[in-house]
Amino acid sequence: MAEWIETGKVTDIPRLGARTVQAGGLRIAIFRTANDEIFALEDRCPHKDGPLSQGIVHGRSVTCPLHNQVFHLDSGQGADPDDGCARSIAVRVTDGRVFLAPAPQQQAAE
Amino acid sequence: MKPKLVVIGNGMAGMRAVEELLERAPDAYDITVFGAEPNVNYNRIMLSPLLAGEKSFADIIINDLSWYADNHITLHLGEKIEAIDCAGKKVVTAGGAKLPYDRLLIATGSDPFILPIPGAGLPGVVTFRDRGDVEQMLEASRRHKRAVVIGGGLLGLEAANGLLANGMQVTVLHLMPNLMERQLDEAAGYLLQRELEVRGMEIITRANSREIYGADKAEGVLLDDGRRIDADLVVMAVGIKPNIALAKAAGLTCERGVVVDDHMVTSDPSILAVGECVQHRGAVYGLVAPLFDMAKVVAAQLADDAAAAYEGSVTNTRLKVTGIDLFSAGDFSEGEGCEDIILRDASRGVYKRLVLKDNRIRGAVLYGDTGDGGWYFQMLRDGVDVSGMRDSLIFGQAFAGGGRENPKSAVAALADSAEICGCNGVCKGRIVTAISEHGLTSVDEVRAKTKASASCGSCTGLVEQLLQITLGDGYLGGPAVKSVCKCTDLSHDEIRRLILVRELKTIPAVMQELQWKSADGCATCRPALNYYLLCEWPGEYCDDYQSRFINERAHANIQKDGTYSVVPRMWGGLTNARELRAIADVVEKFAIPTVKVTGGQRLDLLGVQKDQLPEVWKDLNAAGLVSGHAYGKALRTVKTCVGSEWCRFGTQASMGMGVEIEKMTWGSWTPHKVKMAVSGCPRNCAEATIKDFGVVAVDSGWELHVGGNGGIKVRATDLLCKVETAEEVLEYCGAFMQLYRQEAHYLERTAPWLERVGLDHIREKIVEDKENRARLHARFLHSQKFVQKDPWAERASEGVHAHEYRQLEMA
Chain C
105 MAEWIETGKV TDIPRLGART VQAGGLRIAI FRTANDEIFA LEDRCPHKDG
155 PLSQGIVHGR SVTCPLHNQV FHLDSGQGAD PDDGCARSIA VRVTDGRVFL
205 APAPQQQAAE
Chain V
4 MKPKLVVIGN GMAGMRAVEE LLERAPDAYD ITVFGAEPNV NYNRIMLSPL
54 LAGEKSFADI IINDLSWYAD NHITLHLGEK IEAIDCAGKK VVTAGGAKLP
104 YDRLLIATGS DPFILPIPGA GLPGVVTFRD RGDVEQMLEA SRRHKRAVVI
154 GGGLLGLEAA NGLLANGMQV TVLHLMPNLM ERQLDEAAGY LLQRELEVRG
204 MEIITRANSR EIYGADKAEG VLLDDGRRID ADLVVMAVGI KPNIALAKAA
254 GLTCERGVVV DDHMVTSDPS ILAVGECVQH RGAVYGLVAP LFDMAKVVAA
304 QLADDAAAAY EGSVTNTRLK VTGIDLFSAG DFSEGEGCED IILRDASRGV
354 YKRLVLKDNR IRGAVLYGDT GDGGWYFQML RDGVDVSGMR DSLIFGQAFA
404 GGGRENPKSA VAALADSAEI CGCNGVCKGR IVTAISEHGL TSVDEVRAKT
454 KASASCGSCT GLVEQLLQIT LGDGYLGGPA VKSVCKCTDL SHDEIRRLIL
504 VRELKTIPAV MQELQWKSAD GCATCRPALN YYLLCEWPGE YCDDYQSRFI
554 NERAHANIQK DGTYSVVPRM WGGLTNAREL RAIADVVEKF AIPTVKVTGG
604 QRLDLLGVQK DQLPEVWKDL NAAGLVSGHA YGKALRTVKT CVGSEWCRFG
654 TQASMGMGVE IEKMTWGSWT PHKVKMAVSG CPRNCAEATI KDFGVVAVDS
704 GWELHVGGNG GIKVRATDLL CKVETAEEVL EYCGAFMQLY RQEAHYLERT
754 APWLERVGLD HIREKIVEDK ENRARLHARF LHSQKFVQKD PWAERASEGV
804 HAHEYRQLEM A
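So the sequence lines, in the order shown, correspond to chains C and V.
One rule links them: number in my numbering = place in the first sequence (from 1) + 104.
One rule links them: number in my numbering = place in the second sequence (from 1) + 3.
Written out as structure tokens, the structure is:
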């Protein structure tokens, strides 16, 4: 079981924006929607490794800054017609604080 | 010798009659036309879009001078006819010249009705009738803030809407209890009033104007109940009266209008009359469709078809106010034996009412959804018995016609006699025949051949569908206006206009008011909206940083590996030892892997980590280097050659000019990137003729070139004009920037923009109209006051958006 690790407050992340955090060899993008929902994906577009954290957040989706592919924040799945899937990272919010649970094998990869 | 036809009046009715005549009998007459206005024949019903800024005068010209020449018509513009000598068959001009005629056509139109109240003659009181009126209103809107429109009918509301679009505060005074009472019933009038009030129009009904007050110009309107409404401009739009003075003086039978019989002939058999000046079977008309019906009969009569007869017109009306759908036809006053079918959908803002008598449609009022207006109107005119479809009639053709079909099959199902273009009276059969016979493939061609959709344009969609049906796959689609993205059905132009008219000042306000289909847009529409708001409300709109593409958010260019590149500004492509030393130091200190000289004469430092950006900028700032905006839809670079300061061929100081232009334009946000160049002589070493704005020095001054592009599709610039002084170069440059900023779609470079609007349009706004040029330039400089602040310094030293450049930490 992955451990929940605190990575800051919801308010550290701009609305309709993202921040990144380094978890070992894994760079994670944490997104905040207009309704203050928080999602986390590996900060790497399955298409050409673009940093998804730098994209424009809209609804529950993000548009990759390199080639405008769109991904669902909740699943990491590419939105039609874009296929491919960005890795989804478990995230939960307690008392306005954000906790991540990156999968253990990714931490071991470091 | 051919018989002589003299036409008094160069307006829509007279010229339509001439057009029809030329089509029937091209060489029958020697034609002479007198027009009191100094303009060629233009589409008067398009004065509203002209006032609202949706069309230019060029767009609404029907026949230009070459048309008259090509058809051997002698045209006297700005020349009034003073008298008609019926006995001697001559007309007498204001200059005293006498011209004989065999047939005379009176098409003097109508005059605006002026309320006989004190102050009606003061300066600042205008009517809404011709191009001159529109120009007066536009001029007033530039200098003044408050306008009163007297009259809440079709014309008054269109005038009020246009003034609102030009930024004035507008109050409409209407004598009756509800707006447009001649076309609308109370319910539709109420919906219309509410919608106009939401847009910011003040509307006072039951307002009886007593006096226009003011010492030496209009300062406001005094109402019967003692209320005073201050205004700098008073528009009188209370109606029109047929212009019969000339006919009356000549002894022709006149009542309200010049009386004609069914052959459009007056009491003198050699004299015909057509248009708004005419009274036929007791009726006078102020709408365009009947004029065109009359014109056909006039032409037939002149071409010796004695049987041709006009039998009166049933009319319909649409309000030409963008975003308001309103249709009215026939008679909907309550009378004996009349029945109503009404549909209300308050939350969608839809109201439909059909008035039936003896199972036939007698009147129709549609508000909010007017798609079936043409269908109802057709049945009204044809007197169709609707008893078989009464229960579904109000839901429209899709339901009543059996099965809910797509709109195309509804059009396909229309009879050949069904009217498509109400303004010009063009039926489906004529359009389809024209398409097949002349091989027409676009709406523009259909317009040119048949006039369908050439006036108010509301039937353009139907004409497109007819093209599709007739040509099948052969129809490639016209320049149908594309929506910005899937989040909205509106086009770029519509959105820009509505942002201005409705004074929308935030992205959420735009999305709410314009009924966005997604919660917070997408990566296509948000940056566009952010730009449009920024451009429209300089200093007022608060930039929405999360609606910008990452490069503009981070103020650096993202690279394929997620690192960034940094391009400091080098004014006019000039640099010095201190700057170069600072750049060299930064490259070493931060181990920046690549330094590249760009095409725009700058140095690009590639491969900088994002978290290092603020420190890199700080060191660059210390040497006086600022952001080069190489990452923005913004002014990028002004490239120069060395010019007369060093070059033996140089004619002007191009480097100095380049620096000045760059100092004026840097920091501005634009629809897409903007690149400029200044060459010191026609050898053009700075490649100015493939730039968005290029300046080429010549011995006697500067040539200004616009709309070039060296990218995917190379396009050489067009020559805008030549100017003599450096001040002029700067003014034209600022005006061009502002025009581009105001008119281009987001992500449209100057080259495609220029090709879309035409060089003539840009020349008209910048070169020919000196005042407009000065205004554009001033507006550009005003916008610049809020943006000329180095974004790098704000982030390196003032902590702006610090989170952008810092990662979060794991606890």
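Glycine included, each C-beta is placed from N, C-alpha and C at the ideal position.
Since the structure is predicted, the reported quantities are computational estimates derived from the model, not experimental observations.
At 9 Å on the CB atoms, spell out the chain C contacts of residue 561/V, in chain order.
Counting from 1 along the second sequence, the entry for residue 561/V is found at position 558. The contacting residues are 154, 155, 158, 169 and 170.
Cβ separation of residue 166/C and residue 203/C, assumed to be a contact under 8 Å, to the nearest whole Å
Residue numbering aside, residue 166/C sits at position 62 when the first sequence is read from its first letter. Residue numbering aside, residue 203/C sits at position 99 when the first sequence is read from its first letter. Wrong, their Cβ atoms sit about 21 Å apart, outside the cutoff.
Rounded straight-line distance, which links the Cα of residue 201/C to that of residue 783/V:
Start at 1 with the first residue of the second sequence, and residue 783/V comes out as number 780. Start at 1 with the first residue of the first sequence, and residue 201/C comes out as number 97. When rounded, the distance between both Cα atoms is 45 Å.
Return the chain-ordered ranges of every beta strand (DSSP E) run that is complete within the region 633-719 of chain V and spans a minimum of 3 residues.
638-643, 677-682, 696-701 and 704-709
At 8 Å on the CB atoms, spell out the chain C contacts of residue 810/V, in chain order.
Here the question's residue 810/V lines up with position 807 in the second sequence. Going along chain C in sequence order, the residues near residue 810/V (Cβ under 8 Å) are 123, 124, 125 and 126.
Identify the contact partners of residue 185/C in chain V, using a Cβ-Cβ distance below 9 Å as the criterion.
The residue you call residue 185/C lines up with position 81 of the first sequence. The contacting residues do not exist; residue 185/C stays about 13 Å from chain V at best.
Is residue 317/V helix, strand or coil by DSSP?
Against the second sequence, residue 317/V aligns to sequence position 314. The answer is coil: DSSP assigns residue 317/V none of H, G, I, E or B.
Quick check on the DSSP output: what are the complete alpha helix (DSSP H) runs of length 4 or more inside the region 94-181 of chain V, in order along the chain?
134-146 and 157-168
Considering only the beta carbon of each residue, do residue 670/V and residue 504/V sit closer than 8 Å?
Position 667 of the second sequence holds residue 670/V. Position 501 of the second sequence holds residue 504/V. Against a cut-off of 8 Å, the Cβ pair of residue 504/V and residue 670/V comes out as no contact.
With which residues is residue 267/V paired in a DSSP beta bridge?
What you label residue 267/V is simply residue 264 of the second sequence in a count that begins at 1. Residue 267/V is not bridged to any residue.
Endpoints, the alpha helix (DSSP H) within which residue 132/C is located
As a first step, residue 132/C is located in the first sequence; it is residue number 28 there, counting from the start. No alpha helix (DSSP H) holds residue 132/C; the beta strand (DSSP E) holding it covers 130-136.
Enclosing alpha helix (DSSP H) for residue 792/V [first to last residue]:
In the second sequence, counting from the first residue as 1, residue 792/V sits at position 789. No alpha helix (DSSP H) contains residue 792/V, which DSSP labels as neither H nor E.
When you compare the CB of residue 119/C with every CB in chain V, is at least one pair closer than 8 Å?
As a first step, residue 119/C is located in the first sequence; it is residue number 15 there, counting from the start. Residue 119/C counts as touching chain V.
Of the residues 222/V, 88/V, 122/V and 176/V, the one placed nearest residue 106/V, counting alpha carbons only:
The residue given as residue 106/V occupies position 103 in the second sequence. Ranking 222/V, 88/V, 122/V and 176/V by Cα distance to residue 106/V puts 88/V first.
Which whole-angstrom value describes the C-beta separation of residue 545/V and residue 488/V, a residue pair presumed to lie in contact below a C-beta threshold of 8 Å?
If you number the second sequence from 1, residue 545/V lands on position 542. If you number the second sequence from 1, residue 488/V lands on position 485. Actually they do not touch by this definition, with Cβ atoms about 23 Å apart.
Under 8 Å between the Cβ atoms of residue 795/V and residue 624/V?
Taking the first residue of the second sequence as position 1, residue 795/V is located at position 792. Taking the first residue of the second sequence as position 1, residue 624/V is located at position 621. The answer is yes: Cβ separation under 8 Å.
Among the candidates 85/V, 776/V, 101/V and 473/V, whose CA atom is the shortest distance from the CA of residue 441/V?
For the purposes of this step, residue 441/V is taken as the residue at position 438 of the second sequence. It is 473/V whose Cα lies nearest to the Cα of residue 441/V.
Extent of the continuous alpha helix (DSSP H) run through residue 112/C:
Locating residue 112/C in the first sequence gives position 8, counting from the first residue. Looking at the DSSP string, residue 112/C is not in any alpha helix (DSSP H); the run it does join, the beta strand (DSSP E), is 109-113.
Against chain V, which members of the region 187-200 of chain C pass a CB distance test of less than 7 Å?
none
Is there a Cβ of chain V sitting closer than 8 Å to that of residue 207/C, yes or no?
Residue numbering aside, residue 207/C sits at position 103 when the first sequence is read from its first letter. Cβ-Cβ to chain V under 8 Å: no for residue 207/C.
Of all the residues that make up the region 508-540 of chain V, which are near chain C by a beta-carbon distance shorter than 8 Å?
521, 522, 523, 524, 525, 526, 529 and 530
For residue 406/V, I'd like the list of residues in its chain whose CB is within less than 8 Å of its CB, leaving aside the five on either flank, ordered along the chain.
To locate residue 406/V, count along the second sequence from 1; it is residue 403. At residue 406/V the pLDDT is 42, less than 50, meaning the model places this residue with poor confidence and gives no usable figure here.
Since I believe residue 175/V is in contact with residue 163/V (beta carbons under 8 Å), could you give me their beta-carbon distance rounded to a whole number of angstroms?
Counting from 1 along the second sequence, the entry for residue 163/V is found at position 160. Counting from 1 along the second sequence, the entry for residue 175/V is found at position 172. About 5 Å separates the two Cβ atoms, so the contact holds.
Residue 68/V beta carbon less than 8 Å from that of residue 36/V
Locating residue 36/V in the second sequence gives position 33, counting from the first residue. Locating residue 68/V in the second sequence gives position 65, counting from the first residue. Result no, Cβ atoms of residue 36/V and residue 68/V do not sit closer than 8 Å.
Distance check for residue 756/V and residue 309/V, CA to CA, integer angstroms please.
As a first step, residue 309/V must be located in the second sequence, where it is residue number 306. As a first step, residue 756/V must be located in the second sequence, where it is residue number 753. Near 52 Å, if we compare the C-alpha coordinates of residue 756/V and residue 309/V.
So, is residue 806/V buried or exposed, given that buried needs 16 or more other C-beta atoms within 10 angstroms?
For the purposes of this step, residue 806/V is identified with residue 803 of the second sequence, where counting begins at 1. Under this definition residue 806/V is an exposed residue.
Please work out which residues of its chain come closer than 8 Å, Cβ to Cβ, to residue 206/V, disregarding the five sequence neighbours upstream and downstream, and give them in chain order.
As a working mapping, residue 206/V is identified with position 203 in the second sequence. Within the same chain, residue 206/V has close Cβ partners 155, 174, 175, 177, 182, 196, 199 and 200.
Identify the contact partners of residue 161/C in chain V, using a Cβ-Cβ distance below 8 Å as the criterion.
Locating residue 161/C in the first sequence gives position 57, where the first residue counts as 1. Those within 8 Å of residue 161/C in chain V are 549.
Counting pairs of Cβ atoms below 8 Å between the region 670-680 of chain V and the region 584-596 of chain V, do you hit three or more?
no
Pick from 641/V, 100/V and 690/V that is closest to residue 667/V, judged by C-alpha positions:
Walking along the second sequence from the start, residue 667/V turns up at place 664. Selected option, being the one with the closest Cα: 641/V.
For residue 216/V, does the three-state DSSP call read helix, strand or coil?
The residue given as residue 216/V occupies position 213 in the second sequence. Residue state, collapsed to three classes: strand.
Does the CB of residue 115/C have a neighbour CB from chain V at under 8 Å?
On the first sequence, residue 115/C is found 11 positions in, with the first residue counted as 1. It does not; no Cβ of chain V falls within 8 Å.
Is there a Cβ from chain C that is less than 8 Å from the Cβ of residue 660/V?
Here residue 660/V refers to the residue found at position 657 of the second sequence. Chain C, which has no Cβ nearer than 8 Å to the Cβ of residue 660/V, makes this no.
Whole-angstrom distance between residue 657/V and residue 727/V, CA atom to CA atom
Position 724 of the second sequence holds residue 727/V. Position 654 of the second sequence holds residue 657/V. Roughly 14 Å between the two C-alpha positions.
Does DSSP put residue 205/C in a helix, in a strand, or in coil?
In the first sequence, counting from the first residue as 1, residue 205/C sits at position 101. Correct three-state label for residue 205/C: strand.
Please compile the residues from chain V whose C-beta is within a distance smaller than 8 Å of the C-beta of residue 110/C.
Here the question's residue 110/C lines up with position 6 in the first sequence. Simply 813 and 814.
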